[in-house]
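Reading through the structure tokens given below for one structure.
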Amino acid sequence: MTPPASQRKTRKRAPRNRTLTISRADRKRLLPRLLTALPKRRRSKPVTGIACGEFQQWIPFLPLESVDLLILDPPYNLTKSFGALKFKARGESDYSHWLDQVIGSLVPLLKPTASIYICGDWRTSLSIVDVARKYFHVRNRITWEREKGRGARKNWKNAHEDIWFCTLTGKFKFYVDRIKQRRQVVAPYRREDGSPKDWDESSHGNYRDTYPSNFLNDLSVPFWSMPENTDHPTQKPEKLLARLLLASSDEGDFVLDPFGGSGTTAAVAAKLNRQCLSIDLNQQYCLWALKRLETAKRDPSIQGYSDGVFWQRNSGK
């Protein structure tokens, strides 16, 4: 029988390993901060913090039409363990039905101007589009490249994931100037007077700020040397979530993540001054999320984002 997390020995890590861990002292300090008790009635103002439990149990108590941005990262249709919890793969129609119930239950919480981002892989994207079209305007598919991934002998290596950008109505926020990417200029053009043409010259190199596309290949899946890293099996990069929050919300807006995992959305929301409610069933993941919020207060930096732009990979930013 597997002992509870509180009784397990902490895994010994290499000295340079920066993966976030929870000590006994952390657990004692953080547990009282977890939102576990449901409100007695529906709230008139957004509930913020890290909630541990079923997100469906929280829906009747969250204010209607209060969510500015919904980040939806449900389990992909794979048999996978999330700590002591397990999601079992099912047929495509069954997964679509499950996803329909999830999305349909969240729609009343959305503001008319809300944006929605739904994460998936190549299989679940089929279900996501079919279900999302029932409730939202589907506006784009963002594909992001994972530099990690296992090879396959009888298929193409799966090295990307999708995020579907949707809105509830035709009126929504989108700030393209907040999510420009700064790329190094390899062959810089100059005007007749010798000045840079469509790029900037600096002591650190020659760069051009470009408009973002729906293909992202400058992301690093969190790993052991990154302070944002946890042992969550499907953790998203903070740099990815920062793009979504900056593009589709303002400071003070309310962000909801009903499959909050290890708290990437919550941590980024804190760093960018957004309100956020992150919900997850796994207590250990919720504790990681709370510790990441503590870190965000001390250090609001986001790897790969500085000076108001997103830097290409290996730029030292």
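Just so we're aligned, residue 165 is where the sequence shown starts under the working numbering, counting upward by one. Note that CB positions come from ideal geometry on N, CA and C, so glycine has one too.
- The C-alpha of T333 lies about 47 Å from the C-alpha of A189.
- Annotation note: the region 389-468 contains the following uninterrupted beta strand (DSSP E) runs of length 3 or greater, listed N- to C-terminal: 418-421, 439-444.
- In this structure the region 314-323 does not lie against the region 264-275, because fewer than three pairs of beta carbons, one per stretch, are closer than 8 Å.
- L194 and G213 have their C-alpha atoms spaced approximately 12 Å apart.
- For D264 and F474, the gap between their C-alpha atoms comes out near 34 Å.
- Apart from sequence neighbours up to five positions away, the residues of its chain that approach F336 with a beta-carbon distance below 6 Å are T277, S279, ordered along the chain.
- Apart from the 5 residues on each side of it in sequence, T243 sits with its Cβ closer than 8 Å to the Cβ of K250, F251, K252, A253 in its chain, given in chain order.
- Using a Cβ-Cβ distance cut-off of 8 Å, the region 214-221 and the region 406-417 are not in contact, since fewer than three pairs of beta carbons, one from each stretch, lie closer than that value.
- When the five nearest sequence neighbours on each side are left out, the beta carbons in the same chain lying within less than 8 Å of the beta carbon of V340 are those of Y375, P376, A411, in order along the chain.
- Residue burial is scored here from C-beta neighbours: P422 has at least 16 other C-beta atoms within 10 angstroms and is therefore classed as buried.
- Proximity to Y371 across F379, D395, T394, R346 peaks at R346, based on C-alpha coordinates.
- By the Cβ test, the region 194-211 is not in contact with the region 379-397, since fewer than three Cβ pairs between them sit closer than 8 Å.
- Closest by C-alpha distance to I443, out of A434, N319, Q476, G427, is G427.
- With a 10 Å radius around the Cβ and a threshold of 16 neighbouring Cβ atoms, P224 comes out exposed.
- Cβ contact annotation for I186 (same chain, cutoff 6 Å, sequence separation greater than five): L451, in chain order.
- Residue burial is scored here from C-beta neighbours: K400 has at least 16 other C-beta atoms within 10 angstroms and is therefore classed as buried.
- Cβ neighbours of T307 within its own chain (closer than 6 Å, five residues either side excluded): H324, D326, F379.
- Straight-line spacing of the CA atoms in H396 and F338 works out to 30 Å.
- Taken in chain order, the whole alpha helix (DSSP H) runs of length 4 or more contained in the region 278-347 are 288-299.
- Here R206 carries a coil assignment [DSSP, helix/strand/coil].
- About 7 Å separates the beta carbon of L236 from that of C283, a gap short enough to meet the 8 Å contact definition.
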